[in-house]
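For the protein sequence lines, the chains are P and F, in the order given.
Count along the first sequence from 1, then add 35; that gives the number in our numbering.
Count along the second sequence from 1, then add 59; that gives the number in our numbering.
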Amino acid sequence: MLKMQTQPEELLVLAIKAGDRKMFEIFFNSEYSNVKFFVCHYVKDYSSAEDITQETFLSIWKSREMLDVNLNLRSYLFTIARNKSLNYLRDVVSKVSDELDKIELQISINSLSGDYIISRIDALDMEQLIEQTFSILPDKIREPFILSRKFGYTYEEIAQKLGVSVKVVEHSISAALKVFRKRMKRYIE
Amino acid sequence: MNKEILNRYLNGSATKAERESVLKWAASSEANREELETLKAQWVFDHLPSSAAPEGAIVKMRKRLGRSGSNTRFIIRIAAVLFIPLAIFAFYQRLQLNELKDKLSSVNRSITNQADKDSLIYTVHTGVKGLVDLPDGSKVWLNSGSSIKCPLMFADNQRDVELDGEGYFMVKGDPEWPMFIGTKRKITIKVTGTEFNLTSYANDTELRLTLVRGNVAILNEKDHSEILVKPMEEIVIPDRMAPPKLRQQADVHLNTAWKEGFLLFDNTPMDEVIKRMERWYGVKFIVRDTSILNNHFTGEFKSESLSQVLDFLKKSSFIGYKIEETTVTLSRL
């Protein structure tokens, strides 16, 4: 049952690697606005940002056969967008003369090449995984878990709210934690 | 630096003077500049829109992809159903294409493209069951190891779907808009609003239909016959050339208990018991002694494990078993 370990991310990469245009379009459709927003924030010029966004997706498609299955596609996508934006900004900064524009461009370049942005790009994968993990929890388990972890209710309060015993709440939360621990393994270790 | 001005600068709504003040503040010290650099990155990641791509961008990308890649679906067949729906779920959810949320826990949904028509295929693998919403609001419970195919949108004149396996159909009533359920055995079921259970696994030797309410017509391509079924009737059409068997007082409970999570046998021949258990538990059976197949088995199980059912079989019919991973070997005791 080795296949049971396969994660959704891997399946997406596998499909794109195999040249599945439909899957690629789904990926494009779900991430385009995010990448465009990100590039626009730094590049400012709308039509250049649009070009960079398209180029970013296109470069993934063109090199699809070389994709590594263990790769997080979303983080990879933003890394490419970041690099392309950096190239663009470095080119522009050498051409501007206005002092304020120069300062602003330099700030954008530094911001894009700093450690903080790398940590956020890496975290994209984890954020998505957390969202997904929440969504697969059965309602019965999710509710007490959210009440406890997001709203900070005690087990007794949750038991009362949901009309179940404290034992059931304890059990649900430990079941939820188990699922999280299993799915987030690679970040915990 | 004033927080509100900083925020306006980051979201692009700052005035010219405000922008100037922010940039001058940043240029005045290393610490300020670094703070702004981090804030800038933080802001953009905290505000990602996660909305669907505009149509124009998709069209543009399609053009640039040209004819590369394949338009046919990359079929991922996998033992566990849990993970594919997740991948697809994550993307579709953001696209707000469908409220697949709770239903997808056991149903694998994939898109296929045939003759320029997009279809959806819902698959429920062995060991699980799932509920599928059809585009017209009809619902189908799929039993283990079953799949149903339907278009993204039904045609105006009729609703075409294809079933392989077992499904309990709750079809939205519309006499002007019949639903045709194709099977893998040249038999089509025509319905207009009804509830029934249809079993037509490709690896079975017959088609079985139990009508709970409404009317259905069974259209047999092989002999061009049309059989009308009445409520509470059960009909079995064997693959081999033999007349269909009709039972007027169908055991609806026996035939539909699976969707409530019951595994039910009522003097059921052993070969069928094995097939159903294979689907139910996602295992394969090996029968060492063919005389076992002459047995019949009666029992009702809800949340029993595979070995509990097999223990019951052992006590009642003197059939021994051995489980190795996903293979069950049966032998005479």
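Yeah, the Cβ is synthetic: ideal placement off N, Cα and C, and Gly gets one too.
Contact with chain C by residue i, beta-carbon distance below 8 Å
| i | result |
| --- | --- |
| Glu96 (chain F) | Protein chains P and F are contained in the structure displayed, whereas chain C is not. |
Spatial distance of residue i from residue j (CA atoms)
| i | j | result |
| --- | --- | --- |
| Lys318 (chain F) | Lys361 (chain F) | 11 Å |
| His355 (chain F) | Ile333 (chain F) | 11 Å |
| Glu66 (chain P) | Val103 (chain F) | 14 Å |
| Asn145 (chain P) | Gly125 (chain F) | 36 Å |
| Ile137 (chain F) | Ile193 (chain P) | Note on Ile137 (chain F): pLDDT 36, under 50, position unreliable in the model; no value is reported. |
| Lys249 (chain F) | Leu172 (chain P) | 38 Å |
| Val118 (chain F) | Phe63 (chain P) | 11 Å |
| Trp339 (chain F) | Tyr260 (chain F) | 13 Å |
| Lys62 (chain F) | Ser183 (chain P) | 33 Å |
| Glu79 (chain F) | Asp195 (chain F) | 57 Å |
| Ser284 (chain F) | Ala112 (chain F) | 50 Å |
| Lys202 (chain P) | Lys281 (chain F) | 60 Å |
| Lys119 (chain P) | Ile87 (chain P) | 7 Å |
| Ile61 (chain P) | Gly115 (chain F) | 15 Å |
| Gly341 (chain F) | Gly186 (chain F) | 4 Å |
| Leu93 (chain P) | Met120 (chain F) | 8 Å |
| Arg299 (chain F) | Phe324 (chain F) | 24 Å |
| Met291 (chain F) | Leu193 (chain F) | 24 Å |
| Asp150 (chain P) | Ser129 (chain P) | 24 Å |
| Ile64 (chain F) | Lys75 (chain F) | 11 Å |
| Arg99 (chain P) | Ser88 (chain F) | 44 Å |
| Asn216 (chain F) | Pro210 (chain F) | 13 Å |
Cβ-Cβ distance between residue i and residue j below 8 Å
| i | j | result |
| --- | --- | --- |
| Gly269 (chain F) | Asn202 (chain F) | With the sequence shown as reference, residue 269 (chain F) is identified as Thr, and Gly is not the correct amino acid for it. For Thr269 (chain F) and Asn202 (chain F), no; Cβs fall outside 8 Å. |
| Glu221 (chain F) | Gly241 (chain F) | yes |
| Phe180 (chain P) | Ser200 (chain P) | no |
| Asp82 (chain F) | Ile152 (chain P) | A small fix is needed here, since residue 82 (chain F) is Leu in this sequence, not Asp. For Leu82 (chain F) and Ile152 (chain P), no; Cβs fall outside 8 Å. |
| Leu112 (chain P) | Val70 (chain P) | yes |
| Leu107 (chain F) | Phe72 (chain P) | yes |
| Leu108 (chain P) | Leu47 (chain P) | yes |
| Ala3 (chain P) | Ile176 (chain P) | Nothing in the structure corresponds to residue 3 (chain P), since chain P is present only between 36 and 224. |
| Thr264 (chain F) | Pro297 (chain F) | yes |
| Phe228 (chain F) | Ser197 (chain F) | yes |
| Leu278 (chain F) | Arg244 (chain F) | no |
| Gln89 (chain P) | Arg123 (chain F) | yes |
| Val295 (chain F) | Pro303 (chain F) | yes |
Same chain only: Cβ atoms within 7 Å of residue i, ignoring 5 sequence neighbours per side
| i | result |
| --- | --- |
| Ile351 (chain F) | Met329, Ile378, Leu389 and Arg391 |
| Ser148 (chain P) | Leu121 |
| Phe371 (chain F) | Gly358 |
| Phe59 (chain P) | Ile51 and Trp96 |
| Tyr77 (chain P) | Ser120, Leu124, Ser143 and Leu147 |
| Thr91 (chain P) | Val70, Leu112, Ile115, Ala116 and Lys119 |
| Ser83 (chain P) | Tyr123 |
| Met212 (chain F) | Pro194 |
Three-state secondary structure (DSSP) of residue i
| i | result |
| --- | --- |
| Ala90 (chain F) | helix |
| Thr388 (chain F) | strand |
| Pro179 (chain P) | helix |
| Asp325 (chain F) | strand |
| Asn64 (chain P) | helix |
| Gly189 (chain F) | strand |
| Val74 (chain P) | helix |
| Gly125 (chain F) | coil |
| Lys57 (chain P) | helix |
| Tyr181 (chain F) | strand |
| Tyr227 (chain F) | strand |
| Glu254 (chain F) | strand |
| Glu235 (chain F) | coil |
| Gly241 (chain F) | strand |
| Glu63 (chain F) | helix |
| Tyr380 (chain F) | strand |
Cβ neighbours of residue i in the same chain (closer than 8 Å, five flanking residues each side left out)
| i | result |
| --- | --- |
| Asn21 (chain F) | In the structure as shown, chain F starts at 60 and stops at 392, and residue 21 (chain F) therefore has no counterpart that could be examined. |
| Lys373 (chain F) | Gly379, Tyr380 and Leu392 |
| Lys45 (chain F) | In the structure displayed, chain F extends from 60 to 392; residue 45 (chain F) sits before or after that span and is not available. |
| Arg92 (chain F) | Ala85 and Ala86 |
| Leu159 (chain P) | Asn107, Arg109, Ser110 and Phe113 |
Given residue i as reference, the closest of the options once Cα atoms are compared
| i | options | result |
| --- | --- | --- |
| Val199 (chain F) | F:Leu257, F:Asn353 and F:Lys243 | F:Leu257 |
| Lys217 (chain P) | P:Phe169, P:Gln141, P:Val128 and P:Glu205 | P:Phe169 |
| Glu254 (chain F) | F:Ile246, F:Asn279, F:Arg244 and F:Glu293 | F:Glu293 |
| Leu98 (chain F) | P:Val128, P:Arg177, P:Asp55 and P:Arg155 | P:Arg155 |
| Asp103 (chain P) | P:Leu49, P:Asp174 and P:Asp150 | P:Leu49 |
| Ala100 (chain F) | F:Leu69, F:Ala90, F:Ala73 and F:Arg244 | F:Leu69 |
| Arg272 (chain F) | F:Leu266, F:Lys243, F:Ala309 and F:Asn262 | F:Ala309 |
| Asp80 (chain P) | P:Ala53, P:Val127, P:Gly54 and P:Asn105 | P:Val127 |
| Asn274 (chain F) | F:Arg306, F:Pro303, F:His312 and F:Gly232 | F:Gly232 |
| Lys188 (chain F) | F:Ile382, F:Leu369, F:Leu365 and F:Ala316 | F:Ala316 |
Same chain, Cβ closer than 6 Å to residue i, five either side skipped, listed in chain order
| i | result |
| --- | --- |
| Pro234 (chain F) | Thr251 |
| Leu287 (chain F) | Ala276 |
| Ser376 (chain F) | Asn354 |
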